[in-house]
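Number of protein chains: 2
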Amino acid sequence: MQPQQAATAHHKDSRAAILDSAEAAFAELGYGGASIRAIAREAKVNQAMIHYYYQNKDQLFTAVIERRAGEINARRDAALERLFEDGVPTLEVLIEALLRPTIEIGHDDARGGAAYARLIASFNNAADERSRRVTADNYDPIARRSIDAIRRVLPELDHAAAVRGYLFSISVALSVMAKTGRASRLSDGLLDDFDTDETVASAVAFTCAGIRALVKGT
Amino acid sequence: MQPQQAATAHHKDSRAAILDSAEAAFAELGYGGASIRAIAREAKVNQAMIHYYYQNKDQLFTAVIERRAGEINARRDAALERLFEDGVPTLEVLIEALLRPTIEIGHDDARGGAAYARLIASFNNAADERSRRVTADNYDPIARRSIDAIRRVLPELDHAAAVRGYLFSISVALSVMAKTGRASRLSDGLLDDFDTDETVASAVAFTCAGIRALVKGT
DNA sequence: GGAAAAATTAATCAAACGTTTAATTAACAC
DNA sequence: GTGTTAATTAAACGTTTGATTAATTTTTCC
């Protein structure tokens with residue numbers, strides 16, 4: 013039968029420990045490279061516990077994504093609602109509100125956000141059935157709302173261009189989330205993957221100018 | 013046995029057949045998810061042939077990347093040299109020259125480019141040691157030359173901003189290479205992942221405006 | 001045409017994989 | 001306390017994995 017929420021004071025919640033460990037493993041090694049055994053070992057739980065709570069590897073992966081996607085989507089929705097409360101915001105304010113939750117989670121090392129950042133960055137462009145499924149399920153709805161918001165702020169932009177602009181912007185945001193160390197390497201240390209404010213500012217400036225350039229006849 | 017009249021022509025190039033099959037498998041399933049056995053089966057080759065030619069899975073992966081990276085780098089270098097032959101080109105011309113080889117390979121279905129596109133898109137943001145290694149080995153040198161070229165075209169851009177601009181641009185280009193079908197889905201069919209010219213034009217317009225926005229004090 | 005080298009094959013290896021089972025311990029309701 | 005259910009465990013399941021072996025065929029070259 014399905015377990016109930018137990019989480020005794022004695023043992024830290026095993027389910028969360030499994031998700032944390034799985035998140036790190038999937039991010040570091042990919043879905044196929046991460047093994048249930050290694051995930052269980054890292055989470056300090058018996059290997060059968062993973063099947064007890066998540067049935068199989070695929071559903072474990074799904075659970076990892078859903079946990080973070082829920083938070084990101086909630087923060088984005090709240091920002092969207094707030095921004096349009098009194099009037100139409102500028103494109104810069106809107107884009108920053110859309111990108112910041114994503115980028116900040118990736119910089120929240122204390123809560124393991126860095127691992128999720130690498131994970132989402134790797135499956136966002138992935139073509140396998142599983143990646144497409146979790147993207148469509150967890151990120152398409154908020155994507156549609158975000159695209160609508162962009163069009164309200166920039167009515168001259170046609171629908172197709174708004175979709176392009178949104179996807180380009182997300183791609184830029186994810187590239188800075190991944191923190192592969194490449195920026196630092198190519199800039200000989202001038203750039204720092206971990207400076208959130210400077211990173212967000214650059215990404216917002218870049219993508220806003222890019223979106224405006226997609227307006228027809230410019 | 014089968015009539016062997018075409019045998020020579022058939023397995024004339026087992027090495028290429030293996031690389032083609034491996035490229036598709038790595039792109040579709042990831043490094044860990046792709047199996048040597050499945051790769052051999054798809055390439056119509058005995059599985060020991062893969063170790064005969066490429067020693068092990070890691071070196072097979074490296075060989076898959078190197079084959080395409082060599083071509084992309086050669087085309088990019090040629091374009092760079094040509095562009096600066098007589099004077100300094102515009103940013104648009106430069107960026108298009110940098111992005112086009114990458115995007116076009118991804119659209120060259122006949123030569124299996126679509127698989128490589130998904131592959132490079134997935135490991136570009138990946139954090140595992142292998143992905144970082146092949147990125148550094150195969151794409152860092154051309155990246156440095158490209159960044160220098162951007163700075164010659166746009167001298168007001170400082171080095172760090174040029175690195176940012178380059179990485180953002182590559183990220184945008186890779187996102188359209190992956191062709192996950194998401195653009196079409198989110199635009200309700202208005203956008204087509206396979207329209208190369210329109211895709212390149214959008215990516216160039218977006219990234220050039222983005223790079224200009226990274227100039228200090230604008 | 002025959003020796004040498006390259007290419008290809010089937011068979012096998014130990015290790016690791018995801019998953020399942022059956023038994024045991026811990027927690028809770030009454 | 002007793003009974004019930006959730007949580008946890010060790011062991012094993014059958015399969016697949018990357019890799020290696022040794023034998024055999026095909027090609028190359030003189």
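Just so you know, the protein sequences line up as chains F and X, in that order.
The numbering of the first sequence is my numbering, which starts it at 13 and goes up by one.
The numbering of the second sequence is my numbering, which starts it at 13 and goes up by one.
Ideal placement from N, C-alpha and C gives every residue a C-beta, glycine not left out.
Check	Outcome
Cβ-Cβ distance between X:L226 and X:G177 below 8 Å	yes
Any chain X beta carbon closer than 8 Å to F:E54	no
Any alpha helix (DSSP H) of 4 or more consecutive residues that is wholly inside the stretch 163-195 of chain F	171-190
Exposure label - X:R123; buried when at least 16 CB within 10 Å	exposed
Cβ-based neighbour list, X:G125, same chain, cut-off 6 Å, excluding 5 preceding and 5 following	I117 and G118
Nearest neighbour of F:D207, chosen from F:I159, F:R130 and F:G193 [CA to CA]	F:G193
Per-residue burial, X:G42 [other beta carbons within 10 Å of its own, 16 or more giving buried]	buried
Backbone CA spacing between F:D70 and X:F96 [nearest angstrom]	51 Å
Cβ separation of X:I77 and X:V146, assumed to be a contact under 8 Å, to the nearest whole Å	5 Å
Interface flag, X:N85 vs chain F, CB-CB below 8 Å	no
Option in X:D120, X:S196, X:R87 and X:A139 with minimal Cα separation from F:I127	First, the amino acid is wrong: residue 127 of chain F is Ala here, not Ile. When only C-alpha atoms are compared, the closest one is X:A139.
Spatial neighbours of X:S181 in its chain, beta-carbon cut-off 6 Å, leaving aside the 5 residues before and after	T219
X:L186 and X:I132 closer than 8 Å at C-beta	yes
Burial state of F:A90, where buried means 16 or more other Cβ atoms lie within 10 Å	exposed
Chain F contacts made by the stretch 198-213 of chain X, where a contact means CB separation under 7 Å	L198, S199, L202 and L203
Nearest-angstrom Cα separation, counted from F:A215 out to X:L92	26 Å
Selection of the stretch 29-54 of chain X by Cβ proximity to chain F, strictly under 8 Å	A39, E40, L41, G42, Y43, G44, G45 and A46
Short Cβ contact (8 Å threshold) for F:S199 with X:H171	yes
Beta-carbon proximity check, X:N150 vs X:A81, cutoff 8 Å	yes
Cross-chain neighbours of F:D140 in chain X, by beta carbon under 8 Å	E40, L41, G42 and G45
Residue closest to F:R130, alpha-carbon to alpha-carbon, out of F:T114, F:R144, F:R142 and F:R88	F:T114
Interfacial residues, the stretch 152-163 of chain X to chain F, with Cβ spacing under 9 Å	D152, A155, R156 and I159
Cα-Cα separation, F:C191 to X:S143	The sequence given here places Lys at residue 191 of chain F; Cys does not occur at that position. Straight-line Cα distance between these residues: approximately 13 Å.
Partner residues on chain X for F:H171, Cβ-Cβ distance less than 7 Å	S199 and L202
Buried/exposed call for F:N68, threshold 16 Cβ in 10 Å	exposed
Check whether X:V57 and X:I30 have beta carbons under 8 Å apart	yes
Below-8 Å beta-carbon distance, F:G222 vs any chain X residue	yes
Residues within the stretch 109-134 of chain X neighbouring chain F, beta-carbon criterion of under 7 Å	R130, A133 and S134
As assigned by DSSP and simplified to three states, the class of X:T102	coil
Integer Cβ distance of F:S33 from F:M61, believed to fall under 8 Å	In fact, because the Cβ distance is near 11 Å, the residues do not count as touching under 8 Å.
Three-state secondary structure (DSSP) of F:F96	coil
Nearest residue (CA-CA) to F:S158, options F:P167, F:A174 and F:L169	F:A174
Nonlocal neighbours in the same chain, by C-beta distance under 7 Å from X:I48, ignoring five residues either side	Q59, I62 and K69
Min CB distance X:L95 to chain F below 8 Å	no
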